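Engineer:
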Amino acid sequence: MGARSALATLAAVAVACAIGHVVPMLDTAVTDFLYLLRGSRPLQAPVVLLRASSPAPGQARPWGCSLGELARIVRRVNQASPKAIVLAITPLTMVPSGEPGLGELVAAAREAGRVIAPACLLPAGEALHSSKAAKLFAGPEGDLLRPAALRKAVLATPPDALVSAVAGLGTTNLYPDLDGVVRSFPLLVSVDGRLFPSLPLEAVRVALGLPRGEAHLERDAVVLGSLRIPVAPASAEMAIDFPGTELTETRLEREELEHLALSELRQRLHGRVVIIIAGGPTPGAFYPTPGGPGATGGEIVAACIENVLSGRWLRQASLVCVWLLAGVLGMLTMFAAYRLSPPMAIAADLSLLVAVLILVVAGLSRGVVFPGFTLVAAVAFGSVTNLAGTASAAQRARLAAQVEFQSRLQALQRLEELIGTSFHRDELLRGIMRWVTAELNCASASLLILDEREQALRFQVALGPKGPEVRDFVVPVGHGIAGIVAQTGQPLIVNDARSDPRHAKDISQAVGLLPRNIICVPMVLRGQITGVIEAMDKAEGAPFDDQDEALLTTIAQQAALLLENARLYADLQRRVDFANAELRRAYQELEAQKAKLDTLIDQLPSPVLATDADNNILLVNNAFEAALGIRASDALGRSVFAAVPAPEIAALFADPLDNPEGRVVEELQLSRPRPRVYRASLAAVQGPGGQAMGKSLVMIDITELRELDQMKTDLISFVSHELRTPLSIISGFTHLAARRLADGRPDQALDMVQRIDRHLRYTEQLVEDFLNIARLEAGRPLEYRTEPIADVAAMVSEIIEAVPRRTDAHEIVTDIPADLPPVAADRSKLGEVFTNLIDNAVKYSPRGGQIKISALLEGPFVRFSVTDHGIGIPEEAREHLFQRFRRVRGEGRAHLPGTGMGLYLCKQLVEGQGGRIWFEPNPEGGSIFHFTVPVASDGDTSGSGTPAEASHEA
Ligand code: ADP
C-alpha cells in the first residue's frame, strides 16, 4: 500500500470518526433547537416545587434553611396530604449527625411516612460514606455506563436517623452531556456492581405506594409496577422533557406555605408530589437544559418526576426506523433530483426538510425523539448528492459536449483535409455530405445549388434512402424549406416537418418519404447565396438543435468556398489547357522549324559551325564533320579551340570580330584530312538587344574553283604547246620540203609534204577537239555526219601514223578483222575518239610497250578496244574518269601535259553516236578503253543529226 493510500485511509477513518462523534451531538443540538421552537409549557399538576430558602440569610445553611425549619415545612406540607414529599436537597447528605434540628426532621419524616431523602454518589475515597444506608436499597445488581469517573464510587447519604425515617432514598446524581447540557436523568445508578434508584424513581415509587426495590431494569426500560419508563440502554437514563421557563410557575414559596389557609394548601398540594428544593443563597448548581434557561438540580429532579408521573417520558425513535426513514428520505431527494428540474428538485428537498422538521417536532410533542440531524442530514446528503450528481451530470454533459466539440473539430479538420486532397468537385461534395450525415447522425442530406437565372435550386448531392429519386427534382426559390432558406438566407430548423406548413410536401410525397425533422442552412459566398444544405431525420427522432445549425453553417461555408474554388480551378484548368495546347503547338512548330533548319544546315554542302559567346561549340553540321574529320557528339559543348583540329579555324575564332560588319572572310587551306580550300566566313551572332551571343562559321569549298583556275592555266599552256609543236614541225618540214624542191629532190619534198599533211590533220583534229569542247561548253549540241564507214582499219592506221610519239619504244598494233561490217559513224568524230584514246595510251605508257587497237562485232555494235601497258588508272580515279577536266593525279603523271578534256569528249562523241565507252584495267598492267559504235544499216548512207538513234543494249 502506498503512502498516499495509507494517508487517504487514515483520513477516511478520521472523517468517519468525526462524523460518528459529531452526528449525535448535532442530533441533540437539533432537538434542543426544537425545544426552543416549542417554547415553554407549564409543569404538570402532579408536581409542586417548593423552595425552602430562608428569608434570613444569616441562618442560611448549605441546604437552604435549618433542619428544624425543614422539619416544619415537611409537617406543614404533610398537612395537605401530598402523595410524596421529596427532599431534593443534595447537601442533606452532608448533614452531620449532631446537627441541630435533625431530630425534628427525622420525626417529621417519620410522621409523614412519605418523605424521600437524597443520596449521592461520590468518587471513592471521598467522605460521607454510609455502609448501613446501602442496605436500605434493595435492587438488582448490575453495572451501568456513565459516569465513568464514578465507576468506583461511594454512596453518600444523610444521617442514618433520617435515612431510617424516610420512605425512600434516591440518588440525585445527574449527568450533563459533553456540552454541559443536562438532557437526561439516570433512573438507576450503579455503585460497586449494585444498582441504586434515583431520587425521581424513589419519589414515583413512594407516590405510587410501591414497596422498596420494586424497580428493575430491562434492556431499554426501567419497570416500576405498571410503569415502563423508557431509558437509554446500558445507562438507564430517561430523556427529560423539560418544561422550559414555566418551571418557575408551579413553585410555592415558603412564605406562602405558612400564610396559606390549610384548605387552600390542600387544594394546591393534595395528591401531588411536593419537591422541596433548597433555593437558598446558594441554591445548588445551575445546569443548562435544552430549550430553556437552565435549571437547578432540584428543578431537574422535578421535571423528571413530572415526566414519569404524567407519562411524558421521551422515547428515542428506533434506530432501525430512523435509518430506514433516512434512507427513504435520501432516496426521495435523489429521485426528486433525478426526475425533476433543478429548481423543482430544490423545492422538493425543502419540502422534505420541512416534513422532517414537522415529524421531529410532532414526535417531540408525542414523546418521541427523532435524531433530527440524522434525518435532516439524510435529506441534505440526498440534496448534496443530487447537487453533486447534477453537477457531475452537468460536468458529464459539458465533457460530452467538449468531446463532441473535439470530435467535430477533428471531423472539420478531416473535412478540410478531404477538401485539400482533391480538386474533383463532385467527389468532394459527396464526401462533405456523407460527412454531414455521419456528424449530424441523420438519415438524409442534400446539397442544392442555386440556379440564379431560373431562380431554382437543383440537387447536386442527395444522400439517403430516397437520394436517387430526389435528384431530378427542381425546387423553386421560396418554395418549401430549402426554397425559403435560399430566399431569406437564414437557417431554418423544423422539428415537426409533418405538420409544419413551410415544408412543401410535394417532393416528399412523390418519393414516399415524409421527413420528421429538417434542418436547412444557406451556402453563402461573399454575401451571395449560392445554394443550401439540408439534413433530415436525425437518429431516434431527436430534434435538430443550435449546435447542429452552427456545424451545418460552417460546413455550408466550406462547401460554398469549395464550389467556388472548384469553379475557379476548372476555369484555371481550362486556361492552362488552352495555354498548354498553344504552347505545344508553338513548340511543335518550333521543333519542326528547328528540325528543318537542322536538316537544312546538316544538308548544307558547306561546313557550318556555331558557337556561343565563349566560343563553345553549339552546332556543327555533317559537312563540317566530314571536312574536319570530327564527330559532332565529341565537339558539342567544347571549346572550338580544343575540339577543332585546325589551327587556321582556331586563329579565325581568336579574332574579336570588332570590325563594323562583325564578320571576317578568309581563304583557308586545310591540309587535313583532305587538302581543301575554303572561303570561310565568320560572323558574330547578335541577340535581340545587339548583345553578342556567339559566332557562326560558314566555309564554302572552293577547291574546285581553284582547280578550275589551275586547269584554265594548264589548258592555255597545253593548247599553246600542243599547237606549237605540230606547227613548228610543219614549219620545219615546209622549209625542208622547199629546200628539197630547190635541190631538185622532189621525191623527198613530197615525203616532207606528206608529213606536213599528217601533222596538219592532227592539228586539225586538235582544233576540232577544242571546237567541240567549246560547243559543248556553250550548251550547243554537236552535229554528226553519220555515214557507213567500212575502212575502219585504214582509218586507224592513218591515225596511228599521225599520233606523235614521244619515244620509239611504243609498238602500236591493230587487230581489226577484215570482215568487220561497216559502222555508222561520223568519220571525223570517230577519228577524234581514236586519236584521243591512242594519244592517251601513248602518253600514259611513258616506258613504251605494246599498244593494241582491236575491234569485235557484238550484236548490232562493233566494240573497239585500246589496250596499253602503261601506268593504268587507280581505282579511286575511275569513277570520275569521263568527267570534264578530270585529270588523274598521282605519281608519274605530273610531268605529263593534258587538259582532262580528252576522255570527256570521247564519251560525248561515242554516246552522241549511240555507243558506250568504259574503262577496264588491263590485267597485265595498264589500261583498256572500250567503246562501241553501231553497225551501219541500210539507211545509214549518209545523214546528219545530233544524237544517234541506235540504242545500246549491252
Ligand atoms: P589529258 O589531256 O590529261 O590526257 P584525258 O581526258 O585524255 O586528259 O585523260 C584524262 C586522264 O585520264 C588523264 O589525265 C590521264 O591521267 C588518264 N588517262 C587517260 N588515258 C590513260 C591511259 N591510257 N593510261 C593511263 N592514264 C590515262
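The number in this note's numbering is simply the position in the sequence shown, starting from 1, with 19 added.
Glycine included, every Cβ here is placed at the ideal spot set by N, Cα and C.
Quantities reported herein were computed from a predicted structural model and do not represent experimental measurements.
Does the separation of the CB atoms of V852 and L734 fall below 8 Å?
Structural biologist: In the sequence shown, the residue the question calls residue 852 occupies position 833. In the sequence shown, the residue the question calls residue 734 occupies position 715. No; because the gap between Cβ atoms is not below 8 Å, this pair is not in contact.
Engineer: Could you pull out every unbroken alpha helix (DSSP H) segment of at least 4 residues lying fully inside the segment 73-132, listed in chain order?
Structural biologist: 86-98, 121-131
Engineer: Under 8 Å, with one C-beta from each stretch per pair, do the segment 379-395 and the segment 412-420 reach the 3-pair mark?
Structural biologist: no
Engineer: Shorter than 7 Å, the distance from the beta carbon of L791 to the closest heavy atom of the ligand ADP, or not?
Structural biologist: Position 772 of the sequence shown, counting from 1, holds the residue named residue 791. Note on identity: in this sequence residue 791 is Asn, with Leu being the wrong assignment. No, the beta carbon of N791 sits no closer than 7 Å to any heavy atom of the ligand ADP.
Engineer: Under three-state DSSP, which class holds A632?
Structural biologist: Position 613 of the sequence shown, counting from 1, holds the residue named residue 632. Correct three-state label for A632: coil.
Engineer: Within 10 Å of its beta-carbon, does R866 have 16 or more other beta-carbons around it, so buried, or fewer, so exposed?
Structural biologist: The residue you call residue 866 lines up with position 847 of the sequence shown. R866 is exposed by the Cβ-count criterion.
Engineer: Confirm, please, whether the CB-CB distance from S203 to A251 is below 8 Å.
Structural biologist: For the purposes of this step, residue 251 is identified with residue 232 of the sequence shown, where counting begins at 1. For the purposes of this step, residue 203 is identified with residue 184 of the sequence shown, where counting begins at 1. Cβ atoms of A251 and S203: closer than 8 Å.
Engineer: How many angstroms separate the CA atom of L790 from the CA atom of R804?
Structural biologist: Mapped onto the sequence shown, residue 790 falls at position 771. Mapped onto the sequence shown, residue 804 falls at position 785. So the two alpha carbons sit approximately 16 Å from each other.
Engineer: For G550 versus L459, is the C-beta spacing smaller than 8 Å?
Structural biologist: One-based indexing of the sequence shown puts residue 550 at position 531. One-based indexing of the sequence shown puts residue 459 at position 440. Contact flag unset, no.
Engineer: Specify, as a first and last residue, the run of the alpha helix (DSSP H) that W332 falls within.
Structural biologist: On the sequence shown, residue 332 is found 313 positions in, with the first residue counted as 1. Unbroken run through W332: none, as it is neither H nor E.
Engineer: Taking the CB atoms as reference points, tell me whether T782 and A812 lie closer together than 8 Å.
Structural biologist: Mapped onto the sequence shown, residue 782 falls at position 763. Mapped onto the sequence shown, residue 812 falls at position 793. No; because the gap between Cβ atoms is not below 8 Å, this pair is not in contact.
Engineer: Apart from the five residues on each side of it in sequence, which residues of its chain come closer than 6 Å, Cβ to Cβ, to V696?
Structural biologist: On the sequence shown, residue 696 is found 677 positions in, with the first residue counted as 1. Hits under 6 Å: Q688, I721, T722, R725.
Engineer: Put P664 into one of helix, strand or coil per three-state DSSP.
Structural biologist: Counted from its first residue, the sequence shown places residue 664 at position 645. In the displayed model, P664 falls within coil according to three-state DSSP, outside both helix and strand.
Engineer: Mind checking whether L466 and Q474 have CB atoms under 8 Å apart?
Structural biologist: The residue given as residue 466 occupies position 447 in the sequence shown. The residue given as residue 474 occupies position 455 in the sequence shown. Contact: no.
Engineer: Enumerated in chain order, which unbroken segments of the alpha helix (DSSP H) with a length of 4 residues or greater are wholly contained in the segment 341-425?
Structural biologist: The segment 341-425 contains these whole alpha helix (DSSP H) runs: 361-384.
Engineer: Could you tell me which residues DSSP puts in a beta bridge with E537?
Structural biologist: Against the sequence shown, residue 537 aligns to sequence position 518. Residue identity differs from the one stated: residue 537 is Ile in this sequence, not Glu. BP columns for I537 point to V513, M555.
Engineer: For a test of your reading of the model: does the CB of N634 fall under 7 Å from any non-hydrogen atom of the ligand ADP? Yes or no.
Structural biologist: Walking along the sequence shown from the start, residue 634 turns up at place 615. No; taking the cut-off as 7 Å, the Cβ of N634 has no heavy atom of the ligand ADP nearer than that.
Engineer: Classify G330: buried if its beta carbon has 16 or more other beta carbons within 10 angstroms, exposed otherwise.
Structural biologist: On the sequence shown, position 311 is the one that residue 330 refers to. Looking at its Cβ environment, which holds fewer than 16 other Cβ atoms inside 10 Å, G330 is exposed.
Engineer: State the Cα-Cα distance for the pair L839 and H899, rounded to the nearest angstrom.
Structural biologist: As a first step, residue 839 is located in the sequence shown; it is residue number 820 there, counting from the start. As a first step, residue 899 is located in the sequence shown; it is residue number 880 there, counting from the start. Roughly 32 Å separates the two Cα atoms.
Engineer: Report buried or exposed for S85, applying the criterion of at least 16 other Cβ atoms within 10 angstroms of its Cβ.
Structural biologist: Reading the sequence shown from its first residue, position 66 is the one you call residue 85. Flag for S85 reads buried.
Engineer: Of the residues G122, L229, S116, which one's Cα is nearest the Cα of K102?
Structural biologist: The residue you call residue 102 lines up with position 83 of the sequence shown. The candidate whose alpha carbon is nearest that of K102 is L229.
Engineer: If I follow the unbroken beta strand (DSSP E) through V713, where does it start and stop?
Structural biologist: Position 694 of the sequence shown, counted from the first residue, corresponds to residue 713. With the sequence shown as reference, residue 713 is identified as Gly, and Val is not the correct amino acid for it. G713 -> beta strand (DSSP E) spans 711-720.
Engineer: With a threshold of 16 other CB atoms inside 10 Å of the CB of P300, please say whether the residue is buried or exposed.
Structural biologist: For this step, residue 300 is matched to residue 281 along the sequence shown. At P300, the pLDDT of 47 sits below 50, so the modelled position is not reliable; the number obtained from the coordinates is stated separately. The residue is exposed, with fewer than 16 neighbouring Cβ atoms inside 10 Å.
Engineer: Output the distance between the C-alpha atoms of E644 and A665, rounded to the nearest integer angstrom.
Structural biologist: As a first step, residue 644 is located in the sequence shown; it is residue number 625 there, counting from the start. As a first step, residue 665 is located in the sequence shown; it is residue number 646 there, counting from the start. Whole-angstrom Cα-Cα distance: 12 Å.
Engineer: Using alpha carbons as the reference points, say which of V320, P307, G313, P309 lies closest to V293.
Structural biologist: Within the sequence shown, residue 293 is the residue found at index 274, counting from 1. Selected option, being the one with the closest Cα: V320.
Engineer: Whole-angstrom Cβ separation of A13 and L616, contact assumed at under 8 Å?
Structural biologist: In the structure as shown, the chain begins at 20 and stops at 973. Residue 13 is therefore absent and cannot be evaluated.
Engineer: Are there any heavy atoms of the ligand ADP lying less than 7 Å away from the beta-carbon of Y923, as far as the coordinates show?
Structural biologist: Taking the first residue of the sequence shown as position 1, residue 923 is located at position 904. Result yes, Cβ under 7 Å from the ligand ADP.
Engineer: To the nearest angstrom, how far is the alpha carbon of R903 from that of Q705?
Structural biologist: In the sequence shown, residue 903 corresponds to position 884, counting from 1. In the sequence shown, residue 705 corresponds to position 686, counting from 1. Looking at the two C-alpha atoms, the distance is approximately 43 Å.
Engineer: Regarding L900 and the ligand ADP, is the C-beta to nearest heavy atom distance less than 7 Å?
Structural biologist: Mapped onto the sequence shown, residue 900 falls at position 881. It does: the Cβ of L900 is within 7 Å (strictly closer) of some heavy atom of the ligand ADP.
Engineer: Do you know offhand how far L676's Cα is from R604's?
Structural biologist: Here residue 676 corresponds to residue number 657 of the sequence shown, with the count starting at 1. Here residue 604 corresponds to residue number 585 of the sequence shown, with the count starting at 1. Their Cα atoms are separated by approximately 38 Å.
Engineer: Taking DSSP's pairing of strands, which residues face P495 in a bridge?
Structural biologist: For the purposes of this step, residue 495 is taken as residue 476 along the sequence shown, with counting starting at 1. BP columns for P495 point to A475.
Engineer: Any chance the segment 119-135 sits against the segment 219-226, with 3 or more Cβ pairs inside 8 Å?
Structural biologist: yes
Engineer: Using 10 angstroms around the beta-carbon of N97, count the other beta-carbons present and answer buried if the total reaches 16, otherwise exposed.
Structural biologist: Stepping through the sequence shown from its first residue, residue 97 is reached at position 78. N97 should be labelled buried.
Engineer: Examine the ligand ADP and report whether any of its heavy atoms sits within less than 7 Å of the Cβ of S946.
Structural biologist: Indexing the sequence shown from 1 puts residue 946 at position 927. It does: the Cβ of S946 is within 7 Å (strictly closer) of some heavy atom of the ligand ADP.
Engineer: Short check: CB of V494 to CB of G502, under 8 Å?
Structural biologist: If you number the sequence shown from 1, residue 494 lands on position 475. If you number the sequence shown from 1, residue 502 lands on position 483. Going by C-beta atoms, V494 is nearer than 8 Å to G502.
Engineer: Quick check: V738 and A843, are their CB atoms within less than 8 Å of each other?
Structural biologist: Here residue 738 is taken as the residue at index 719 of the sequence shown, counted from 1. Here residue 843 is taken as the residue at index 824 of the sequence shown, counted from 1. Not a contact, by the Cβ cut-off of 8 Å.
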